[in-house]
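K.L.:
Structure in structure tokens, see below.
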Amino acid sequence: MALITALISGIIFGVGLALGGMLDPSKVVGFLDIFGVWDPSLAFVMGGGVIVNVIGHQIISRRSRPVCDNQFHLPASKTITMPLIIGSALFGIGWGVTGLCPGPAVASTFLNKETGISFILAVIVGLVLGKTVLKQLRPA
Amino acid sequence: MTIDMEHFTPLASLAGGVLIGIAALILMAMNGRVMGISGILGDAFLNNPITGMWRWLFIIGTLVSPFVYLLWAEELLPRPVASGSTLLIGGFLVGLGSAIGSGCTSGHGICGLARFSLRSFVAVMVFMISAVITVYLMPHGA
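Shown next as structure tokens:
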């Protein structure tokens, strides 16, 4: 059951990315290009996603546990740390250069035949290295 | 500032955002997990694949999603902005940065902001400013 809901969530997530325009790197760069000819569309993607979640969380947070698990797995850390800031800044550079963040990178794997697979592999190498470094910095 | 009316798609983008939001709610309500794709993807490789099987199912869903979208949409034509080594270095930075920063546009940008997380708010501000400056400095057609 938990596997099916994860699969369905992944499909809806990716369809939302496609419909919203997030799979088109030029559109993403057009959104980030606020000093040029600006395409504000992706603010609507984020706005729509956040509003639905703010409302949904009011309902979900009344429950003590999710349907398919014993507990909600929420991030424990509340403090603003240097890794949070440095990592987010590095991510922003990569996002600005390529027009692809991790979700669209996954969804584009088999869509962009020439570049999709090599790009997602570069993302995965960065992710695994970054998570390993973070673990060294702050043992769990 | 000039608005790019030619490419502006407020309704489709809002609908896409609502779908992304629904996907995040399903994962939280059913699996109790934050829909942060960078965390899901990284942990899929680093954690036990059996107990973390849900991560692989989520990833498979996202991998096939463009083809599900194309069942009713006419076309999906990504226009790349980077290629070659720029694309690979950019991809590496996307992965490295979202791992060190504990999240990306989905986890911090959708789920974190909706939970009014201060960490996510700071992360979103930092990566938005960083990305806007990056695009401003990059050579590109106006």
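Here the protein sequences come in this chain order: A and B.
Counting with my numbering, you get residues 1 to 140 for the letters of the first sequence.
Counting with my numbering, you get residues 1 to 142 for the letters of the second sequence.
Glycine included, C-beta positions come from ideal geometry on N, C-alpha and C.
On a predicted model such as this, the values are computed, not experimentally measured, just so you know.
#1: Provide the residue(s) that pair with A:V37 in DSSP beta bridges, ordered along the chain.
#2: Can you give me the C-alpha to C-alpha distance between B:L70 and A:M82, rounded to a whole angstrom?
#3: By how many angstroms is the C-alpha of A:G96 removed from the C-alpha of A:I34?
#4: Determine, for B:N31, whether the minimum Cβ-Cβ distance to residues of chain A falls below 8 Å.
#5: Classify B:R119 as helix, strand or coil using the three-state DSSP reduction.
#6: Can we say the segment 72-92 of chain B touches the segment 16-29 of chain B, given the rule of at least three CB pairs closer than 8 Å?
#7: Using a Cβ-Cβ cut-off of less than 9 Å, list which residues of the segment 13-24 of chain B approach chain A; keep chain order.
#8: Determine the closest residue to B:R119 out of B:G101, B:F67 and B:A131, with distance taken between C-alpha atoms.
#9: Do you know offhand how far A:A107's Cα is from A:R63's?
#10: When you check each C-beta in the segment 82-106 of chain A against every C-beta of chain B, which residues fall closer than 9 Å?
#11: Between A:Q71 and chain B, is any beta-carbon pair separated by less than 8 Å?
#12: Roughly how many angstroms lie between the CA atoms of B:C111 and B:G52, to the nearest whole one?
#13: Please tell me whether A:A76 has its Cβ less than 8 Å away from any Cβ of chain B.
#14: Quick one: is A:I60 near chain B, going by C-beta distance under 8 Å?
#15: Only counting runs of 4 or more residues, tell me where the alpha helix (DSSP H) segments fall wholly within the segment 9-92 of chain A, in order along the chain.
#16: If you measure from the beta carbon of A:I12 to each beta carbon in chain B, is any gap under 8 Å?
#17: Does B:I129 get closer than 8 Å to chain A when you measure Cβ to Cβ?
#18: Relative to chain A, which residues along the segment 77-100 of chain B have a C-beta separation below 8 Å, given in chain order?
#19: For B:M5, count neighbouring C-beta atoms within 10 Å of its own C-beta (all shown protein chains included) and say buried if the count is 16 or more, exposed if not.
#20: Please list, in chain order, the chain B residues whose beta carbon lies closer than 7 Å to that of A:I117.
#21: Taking the straight line between their C-alpha atoms, what separation do you get for A:W38 and A:E114?
#22: How would you call B:W72, buried or exposed, if buried means at least 16 neighbouring beta carbons within 10 angstroms?
#23: Beta carbon of B:V132, beta carbon of B:G109: below 8 Å?
#24: Strictly below 7 Å CB to CB, what residues from chain B border A:K27?
#25: Report yes or no: do three or more beta-carbon pairs, one from the segment 47-54 of chain A and one from the segment 114-133 of chain A, lie closer than 8 Å?
#26: Since B:A82 is in the alpha helix (DSSP H), which residue starts that stretch and which ends it?
#27: Scan the segment 15-92 of chain B and note each continuous alpha helix (DSSP H) run of 4 residues or more that stays entirely inside, going in chain order.
#28: Check whether chain A comes within 8 Å of B:T105, counting only Cβ atoms and requiring the distance to be less than that.
#29: Taking A:S64 as the query, report the chain B residues whose CB atoms sit under 7 Å from its CB, ordered along the chain.
P.N.:
Let's see:
#1: Numbered from 1 along the first sequence, position 37 holds the residue referred to as residue 37 of chain A. DSSP output for A:V37 lists B:T2 as bridge partner(s).
#2: For this step, residue 70 of chain B is matched to residue 70 along the second sequence. For this step, residue 82 of chain A is matched to residue 82 along the first sequence. Cα to Cα, the separation comes out at about 41 Å.
#3: Residue mapping note: residue 34 of chain A aligns to position 34 of the first sequence, counting from 1. Residue mapping note: residue 96 of chain A aligns to position 96 of the first sequence, counting from 1. Roughly 12 Å separates the two Cα atoms.
#4: In the second sequence, the residue the question calls residue 31 of chain B occupies position 31. B:N31 counts as touching chain A.
#5: For this step, residue 119 of chain B is matched to residue 119 along the second sequence. It is helical.
#6: no
#7: S13, L14, A15, G16, G17, V18, L19, I20, G21, I22, A23 and A24
#8: For the purposes of this step, residue 119 of chain B is taken as residue 119 along the second sequence, with counting starting at 1. That would be B:G101, whose Cα lies nearest to the Cα of B:R119.
#9: Walking along the first sequence from the start, residue 107 of chain A turns up at place 107. Walking along the first sequence from the start, residue 63 of chain A turns up at place 63. When rounded, the distance between both Cα atoms is 32 Å.
#10: P83, L84, I85, I86, G87, S88, A89, L90, F91, G92, I93, G94, W95, G96, V97, T98, G99, L100, C101, P102, G103, P104, A105 and V106
#11: For the purposes of this step, residue 71 of chain A is identified with residue 71 of the first sequence, where counting begins at 1. With 8 Å as the cut-off, A:Q71 counts as an interface residue toward chain B.
#12: To locate residue 111 of chain B, count along the second sequence from 1; it is residue 111. To locate residue 52 of chain B, count along the second sequence from 1; it is residue 52. For the pair B:C111 and B:G52, the Cα-to-Cα distance works out to about 20 Å.
#13: Numbered from 1 along the first sequence, position 76 holds the residue referred to as residue 76 of chain A. For A:A76, the answer is no, since every Cβ of chain B falls outside 8 Å of its Cβ.
#14: Taking the first sequence and counting its residues from 1, one reaches residue 60 of chain A at position 60. So, interface residue.
#15: 25-32 and 41-60
#16: Numbered from 1 along the first sequence, position 12 holds the residue referred to as residue 12 of chain A. Yes, because at least one Cβ of chain B sits closer than 8 Å to the Cβ of A:I12.
#17: Position 129 of the second sequence, counting from 1, holds the residue named residue 129 of chain B. Judged by the 8 Å Cβ criterion, B:I129 is in contact with chain A.
#18: L77, P78, R79, P80, V81, A82, S83, T86, L87, L88, I89, G90, G91, F92, L93, V94, G95, L96, G97, S98, A99 and I100
#19: Position 5 of the second sequence, counting from 1, holds the residue named residue 5 of chain B. Answer is exposed; the Cβ neighbour count stays below 16.
#20: Translated into positions along the first sequence, residue 117 of chain A becomes position 117. Going along chain B, no residue has its Cβ under 7 Å from A:I117, so there is no contact; the nearest lies around 11 Å.
#21: For the purposes of this step, residue 38 of chain A is identified with residue 38 of the first sequence, where counting begins at 1. For the purposes of this step, residue 114 of chain A is identified with residue 114 of the first sequence, where counting begins at 1. Spanning the two alpha carbons is a distance of roughly 28 Å.
#22: One-based indexing of the second sequence puts residue 72 of chain B at position 72. Counting Cβ neighbours within 10 Å, B:W72 comes out exposed, since fewer than 16 surround it.
#23: Along the second sequence, read from residue 1 onward, the residue named residue 132 of chain B stands at position 132. Along the second sequence, read from residue 1 onward, the residue named residue 109 of chain B stands at position 109. Cβ atoms of B:V132 and B:G109: not closer than 8 Å.
#24: For the purposes of this step, residue 27 of chain A is identified with residue 27 of the first sequence, where counting begins at 1. Neighbours of A:K27 on chain B, chain order: H7.
#25: no
#26: Within the second sequence, numbered from 1, the residue matching residue 82 of chain B stands at position 82. Where B:A82 is concerned, there is no enclosing alpha helix (DSSP H), given that its DSSP letter is neither H nor E.
#27: 37-46 and 53-69
#28: Residue numbering aside, residue 105 of chain B sits at position 105 when the second sequence is read from its first letter. Taking CB atoms only, B:T105 has a neighbour in chain A less than 8 Å away.
#29: Position 64 of the first sequence, counted from the first residue, corresponds to residue 64 of chain A. Here the premise fails: no neighbours, minimum Cβ distance about 11 Å.
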